[in-house]
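Here's the structure we're looking at; comments come further down.
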Amino acid sequence: AEDIQPPKQQLMIYICGECHAENEIKSRDPIRCRECGYRIIFKKRTERLVGFDAQRNLGIQRNVFTYT
851 AEDIQPPKQQ LMIYICGECH AENEIKSRDP IRCRECGYRI IFKKRTERLV GFDAQRNLGI
911 QRNVFTYT
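Using our numbering, the letters of the sequence shown correspond one by one to residues 851 to 918.
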């Protein structure tokens, strides 16, 4: 039999709403800042480029709402 290992828990980085410290939190960890104990934390923004084509989306909406 093979040794089947469970998948590693995904670490997410959150920013404390009070002291702005970065916190690494796993899926089963309590939602609390490790520095000050504050319970409101925010997900860190992604560093990858996120694009949005407003012109194309407006064109799609115009076609939906035109009356013939």
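Glycine is no exception: its CB is placed at the ideal position from the N, C-alpha and C atoms.
Every value quoted in this text rests on a predicted model; they were computed, and no experiment measured them.
Rank Ile-891, Arg-895, His-870, Gln-860 by C-alpha distance to the C-alpha of Arg-878 and give the top, closest one.
For Arg-878, the nearest C-alpha among the options comes from Gln-860.
DSSP three-state call for Glu-897: helix, strand or coil?
DSSP places Glu-897 in coil when its eight states are reduced to three.
Mind checking Ile-863: buried by the 16 CB within 10 Å criterion, or exposed?
Looking at its Cβ environment, which holds fewer than 16 other Cβ atoms inside 10 Å, Ile-863 is exposed.
If I follow the unbroken beta strand (DSSP E) through Glu-874, where does it start and stop?
Counting along the chain, the beta strand (DSSP E) containing Glu-874 begins and ends at 872 to 875.
Helix, strand or coil: which one does DSSP assign to Tyr-864?
Here Tyr-864 sits in strand by DSSP.
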